[in-house]
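Participant: Those sequence lines, one after another, are chains A and B.
If you're matching positions, the first sequence starts at 7 in our numbering and goes up one per residue.
If you're matching positions, the second sequence starts at 827 in our numbering and goes up one per residue.
We put the CB at the ideal spot given by N, CA and C, even for glycine.
Here it is, the structure in full.
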Amino acid sequence: MDFDPAASFEDNMAVFRAEADRLDPDCARILFDNLGTLSREGDAARSRQAIQDFHQAILAAVEALPDTPTP
Amino acid sequence: MSRYFLASATIEGFRGINNDGDPLVLRFRHDAVNSIHAPNGVGKSSIFEALHFAIHGNVTRLEALQGAEQGDSYVVNKFHPAQLATIALMFSSDDGTPDVAITVTRAAGGARIVSSPSGHDDPDSFLASLREDFVLVDYPRFASFVDCSALDRGRSFASLVGLSRYSRLRQALDGARNTRNLNGDLGFAALETEVATETRSIATVETRLVAAFQEVTGKQIPGIDDAAALTAEVTTALAGVAILAPLLVRTSVMDLNFDAAEQAVDREEGGQARKALDTLNNSVTALAGLPVEQAELDDADALVALAQARDEAMRQVGAASIHALLRDAQAVVNGDDWHDPHKCPVCEKAADVPIADQLAARIAFYDEADRLDAELRRQAAISAALAKLRQLEELAAFGIAAGDRVSSGIALAIPQASIETADLERAKAKLMELDGRRVAAINAANAEIVRLQATLPPSLVAVTRTLGQAKQYRDAMIERERDLPQLNEKKRKLEKLNRWKTFITSAAQRFATSETALANARIVEIQTDCQELFGALVRGGPDVRPTLSRAQNTEQVDLKLADFFGLPDLSARALLSESYRNAVAAAIFLAAASSHKGVPRFMVLDDVTSSFDAGHQIALMEAIRCKLRNGAVGGVPDGLQFIILSHDTLLEKYFDRLNGTAEWHHQKLQGMPPKGRLMVAAQQADRLKAQAEHYLNAGQIDIGEPFLRQYLEYKLGQVISRLSIPVPPDYATRGDKRTLSTFMDAIIDAVALYQAAHKCVLTVQQVADLQQRHAPAIIANHVSHYETGAGNPFNAYALLGVLQSIDDLADCFTWIDPANQQKKYYRRLDLR
Chain A
7 MDFDPAASFE DNMAVFRAEA DRLDPDCARI LFDNLGTLSR EGDAARSRQA IQDFHQAILA
67 AVEALPDTPT P
Chain B
827 MSRYFLASAT IEGFRGINND GDPLVLRFRH DAVNSIHAPN GVGKSSIFEA LHFAIHGNVT
887 RLEALQGAEQ GDSYVVNKFH PAQLATIALM FSSDDGTPDV AITVTRAAGG ARIVSSPSGH
947 DDPDSFLASL REDFVLVDYP RFASFVDCSA LDRGRSFASL VGLSRYSRLR QALDGARNTR
1007 NLNGDLGFAA LETEVATETR SIATVETRLV AAFQEVTGKQ IPGIDDAAAL TAEVTTALAG
1067 VAILAPLLVR TSVMDLNFDA AEQAVDREEG GQARKALDTL NNSVTALAGL PVEQAELDDA
1127 DALVALAQAR DEAMRQVGAA SIHALLRDAQ AVVNGDDWHD PHKCPVCEKA ADVPIADQLA
1187 ARIAFYDEAD RLDAELRRQA AISAALAKLR QLEELAAFGI AAGDRVSSGI ALAIPQASIE
1247 TADLERAKAK LMELDGRRVA AINAANAEIV RLQATLPPSL VAVTRTLGQA KQYRDAMIER
1307 ERDLPQLNEK KRKLEKLNRW KTFITSAAQR FATSETALAN ARIVEIQTDC QELFGALVRG
1367 GPDVRPTLSR AQNTEQVDLK LADFFGLPDL SARALLSESY RNAVAAAIFL AAASSHKGVP
1427 RFMVLDDVTS SFDAGHQIAL MEAIRCKLRN GAVGGVPDGL QFIILSHDTL LEKYFDRLNG
1487 TAEWHHQKLQ GMPPKGRLMV AAQQADRLKA QAEHYLNAGQ IDIGEPFLRQ YLEYKLGQVI
1547 SRLSIPVPPD YATRGDKRTL STFMDAIIDA VALYQAAHKC VLTVQQVADL QQRHAPAIIA
1607 NHVSHYETGA GNPFNAYALL GVLQSIDDLA DCFTWIDPAN QQKKYYRRLD LR
């Protein structure tokens, strides 16, 4: 995966999303559904809190994944 | 993609800017450098904060306050009657796309509301697209760039070159894939331990179940999953025993009353021998289910090897206390107070290589030890060898007291991070010893079984044994059916979590790799421009060629000097003076901003030249004006619009000199924040006079007098500027010089000088009015009292008279153009 220096952040995020979809589309959907929580701005303590909040959401979302892993 | 300039900013009710009903309006030219000058305390920082609040949604300084200080309550001006902050921004595109108007409001205690009077579909997204970190730069951000750590610099650099959102996301993804966070937040370690322990437990149960099935039925078990079929087979086999058959009518072995069955056997024969035989059979079953496998011995060896590796890493650094010492020393060496990078802060001896590098290497050893210890604890928690040891030590047959169990000691040490290598070696030895005792105990029990069986009737021996095995079967089946669903549920959950872990680890790594490549490309892109710009800023100084380099697989950016008086690759942070360090930062910031191709095409600099001497200040301004500015002839392609906020009085002379040219647009702020109005002097002179008249006519002298003073300062400054009247160069820097009397003296002295030389362009009447009427009236009725406190207090009528005298005094320097009957200032004191 290569980011295009001339492209906008949003365009390069689309590239990242496509790469994530190739890795595991279900997990990619979960990641991008909760990306706002994860990338909340703040100092170190607030960033740690953001990761904890993100993981809380991940726990619930991962639980709802189908039992058979998507290849 | 359309790029946008900032065309205007209209601010009311925000921070120090009250301007109730009469907002401060700042207009900016896209093809000129826009400078705004204001003395300290007049509201310049409020303008910068207003732009930051509008674009980023926060005020950095207020966010840094403690919660109890309620920073949010200081966003809205405390004296604004409506308690409403309003910031209206107008953006003009560089490609003819219609202008975008964005208004951001915030009521006291309310939320920030974004709207677009021009009808932009998504004003929030538009503002988000402007959040490149070079757009709003103040001095602290500027000055810290060189002095911060390589990692912080790397992150600052990312933000500089428009990669801050990449950097933040990379950090966030790193946090999401961090093993410690995954273990803690998602419960990975605990779940892995539970699954490993319960899997072993179920395996033991299944071993018992299989053995019991084969014993009762005399058949090989076809498979373990069809519980109903297995139970039916066992029930059928048991019902084949005559004395048990009546108890199994319309019921299965799972519901058999074993007490009744044993009583039935007792009734047939009775005696202690049969009970002893039953106990021995159970004991053999239990012992036979706990053999020590080679894999478990290998597991024990692996734990010992891991512990030894941890010990070796620990030995290389010493101890935890030494680690703390190294950390403290590193903080000292990286701090502002330590200036010799080769000198040790502990022993003060000099070293050949920088102490910081040595400390980092030593600390890395400890980090390795820390990592190995964490891995050892994780492995110990799920160790099959230690689990088997615990089972064997808990066997009643061995009679090992709880306090003597090796496995208990290790279990206690795991959460306390104090697993000793010797304890693990002892655990392995104990495991082997107990396995030997286990085999011996089985042999002894089997011998006793043979002896007892010889004393009992053969048929009842077989019945007793079969009944015992049937009971084993029932207990194992109950246990399995109770525990297996829970274990499967946990396995299912662990599988999903592992799927997530695999995904996020891989996704974060790919993002990091791509982000690194992007940052390196940006470094290459700006390196040459940056070095050229630095050379221009410190013209005449050494050409040290600041060089950025980003370490592989990290966000750290090193800043070295490629050529320091012939010495290559030395630390910029260690060697450069503050002014040079800031020149490096300026070169990097400006080179990065100029190469940016995103939505914002403007850069706001707030007092960034604070540490510069006059030469560097002017060099920076010249670089901006002649090279980096949008529209500069021979400048960089896609130059930027610059908006420079400054309180520097010397720099303002430069601004004044260039003001009104095609390249420069200067505005001077006047006002009385936080209660009064803040205005742009050139645009608001008439309003100053109107405000002064309004309040003085209403008898409100305390409010009207400051407007009068500002009006007087403006008009005197206008006369001085228009007629090029010289003023003492140090008036702004000497504490004993007052602006109003200095201006007045300069004007009167200059007129007297030109008059004495018979060169004065003013009419005789104008000179007489100036010297005998207007100047004395203004000085006596206002300037003297204002500056010294002497004389009578102000009264409204006298001040209204001063207001008229101000205009009359200014008129002394004008003439009427007969061509159009317009009043014009003389060009100089000797020239119309």
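Which runs of the alpha helix (DSSP H) at least 4 residues long sit entirely within the stretch 1351-1404 of chain B? Give them in chain order.
Facilitator: 1398-1401
Participant: Compute the Euclidean distance between the alpha carbons of VAL1172/B and LEU1363/B, then round it to the nearest angstrom.
Facilitator: Each residue's Cα considered, the two are about 39 Å apart.
Participant: What three-state label does DSSP hand PHE1224/B in the structure shown?
Facilitator: coil
Participant: Identify each residue in the stretch 15-27 of chain A for which the Cβ-Cβ distance to at least one residue of chain B is less than 9 Å, and report them in chain order.
Facilitator: PHE15, GLU16, ASN18, MET19, VAL21, PHE22, GLU25 and ALA26
Participant: Out of LYS1423/B, GLY1424/B, LEU1446/B and ILE913/B, which has the shortest C-alpha to C-alpha gap to VAL1410/B?
Facilitator: LEU1446/B
Participant: Should TYR1406/B go down as buried or exposed, given a rule of 16 or more other Cβ atoms within 10 Å for buried?
Facilitator: It counts as buried.
Participant: Would you mind working out which of TYR1612/B, PRO1644/B and HIS1600/B sits nearest GLN1630/B, comparing C-alpha positions?
Facilitator: HIS1600/B
Participant: Within its chain, find whatever has a CB closer than 8 Å to the CB of ALA12/A; leave out the 5 residues flanking it on each side and keep chain order.
Facilitator: none
Participant: Does DSSP put GLN1242/B in a helix, a strand or coil?
Facilitator: GLN1242/B falls in the coil class under three-state DSSP.
Participant: Distance check for ARG1427/B and PRO31/A, CA to CA, integer angstroms please.
Facilitator: The straight-line gap from Cα to Cα measures roughly 37 Å.
Participant: What do you get for PHE1390/B, buried or exposed, if any count of 16 or more other CB atoms within 10 angstroms of its CB means buried?
Facilitator: The residue is buried, with at least 16 neighbouring Cβ atoms inside 10 Å.
Participant: Give a yes or no on whether 7 Å exceeds the smallest Cβ distance from PRO11/A to chain B.
Facilitator: yes
Participant: Check whether the stretch 1331-1345 of chain B touches the stretch 990-997 of chain B, taking contact to mean three or more Cβ pairs, one atom from each stretch, closer than 8 Å.
Facilitator: yes
Participant: Report buried or exposed for GLY922/B, applying the criterion of at least 16 other Cβ atoms within 10 angstroms of its Cβ.
Facilitator: exposed
Participant: Does DSSP put PRO75/A in a helix, in a strand, or in coil?
Facilitator: Any reading at PRO75/A needs caution, since the residue's pLDDT is 45, under 50, leaving its predicted position unreliable; the model's value is listed next. Here PRO75/A sits in coil by DSSP.
Participant: Name the DSSP bridge partner or partners of ILE939/B?
Facilitator: BP columns for ILE939/B point to THR931/B.
Participant: Taking all protein chains shown into account, decide if ASP964/B is buried (16 or more other Cβ within 10 angstroms of its Cβ) or exposed.
Facilitator: With 16 or more other Cβ atoms within 10 Å, it is buried.
Participant: Starting from TYR1651/B, follow the beta strand (DSSP E) in both directions and report where the run begins and ends.
Facilitator: Per DSSP, TYR1651/B is one residue of the beta strand (DSSP E) stretching across 1648-1651.
Participant: So who's on the other strand from THR1105/B, going by DSSP bridges?
Facilitator: Its beta-bridge partners do not exist; DSSP assigns none.
Participant: Mark GLU1219/B as exposed unless 16 or more other C-beta atoms lie within 10 angstroms of its C-beta, in which case mark it buried.
Facilitator: buried
Participant: Just to confirm the assignment: which complete alpha helix (DSSP H) runs, minimum length 4, are found wholly within the stretch 1505-1557 of chain B?
Facilitator: 1507-1523 and 1527-1548
Participant: If distances are taken between C-alpha atoms only, which option among GLY1627/B, ARG1654/B and ASN1646/B comes closest to PHE1639/B?
Facilitator: ARG1654/B
Participant: Can you list, in chain order, the stretches of the alpha helix (DSSP H) that have 4 or more residues and sit fully within the stretch 1423-1497 of chain B?
Facilitator: Assignment of alpha helix (DSSP H) within the stretch 1423-1497 of chain B, counting only whole runs of 4 or more residues, yields 1440-1449 and 1475-1484 in chain order.
Participant: Locate the alpha helix (DSSP H) running through LEU915/B, then write down its first and last residues.
Facilitator: First-last for LEU915/B: 910-919, but that is the beta strand (DSSP E), not the alpha helix (DSSP H).
Participant: Measure how close the beta-carbons of VAL1587/B and TYR1652/B come, nearest whole angstrom, since I'm counting them as under 8 Å.
Facilitator: 5 Å
Participant: Under 8 Å by Cβ, that's how I've got LEU1514/B and GLN1536/B pegged, so tell me the actual separation to the nearest angstrom.
Facilitator: 5 Å
Participant: On the three-state DSSP scale, how would you describe ALA13/A?
Facilitator: It is coil, neither helix nor strand.
Participant: Taking Cβ-Cβ distances shorter than 7 Å, what residues in chain A pair up with SER834/B?
Facilitator: The contacting residues do not exist; SER834/B stays about 26 Å from chain A at best.
Participant: Decide if ALA1674/B is buried, meaning its Cβ has at least 16 other Cβ atoms within 10 Å, or exposed.
Facilitator: Because chain B here runs from 827 to 1658, residue 1674/B falls outside it and cannot be looked at.
Participant: Between GLN1184/B and ALA1177/B, how many whole angstroms is the CB-CB distance? I'm expecting something under 8 Å.
Facilitator: 7 Å
Participant: In chain B, what lies closer than 9 Å to GLN58/A by C-beta?
Facilitator: ASN1007, GLY1010 and ASP1011
Participant: Does the Cβ of ARG1203/B have 16 or more other Cβ atoms within 10 Å, making it buried, or fewer, making it exposed?
Facilitator: buried
Participant: So the beta strand (DSSP E) THR1640/B belongs to, where does it begin and stop?
Facilitator: 1640-1643
Participant: Can you list, in chain order, the residues of its chain whose CB lies under 8 Å from that of GLN1647/B, leaving out five sequence neighbours each side?
Facilitator: none
Participant: Of all the residues that make up the stretch 28-46 of chain A, which are near chain B by a beta-carbon distance shorter than 9 Å?
Facilitator: LEU29, ASP30, ASP32, CYS33, ALA34, ILE36, LEU37, LEU41, LEU44, SER45 and ARG46
Participant: What separation, rounded to the nearest whole angstrom, lies between the Cα atoms of ALA1440/B and LEU1477/B?
Facilitator: 8 Å
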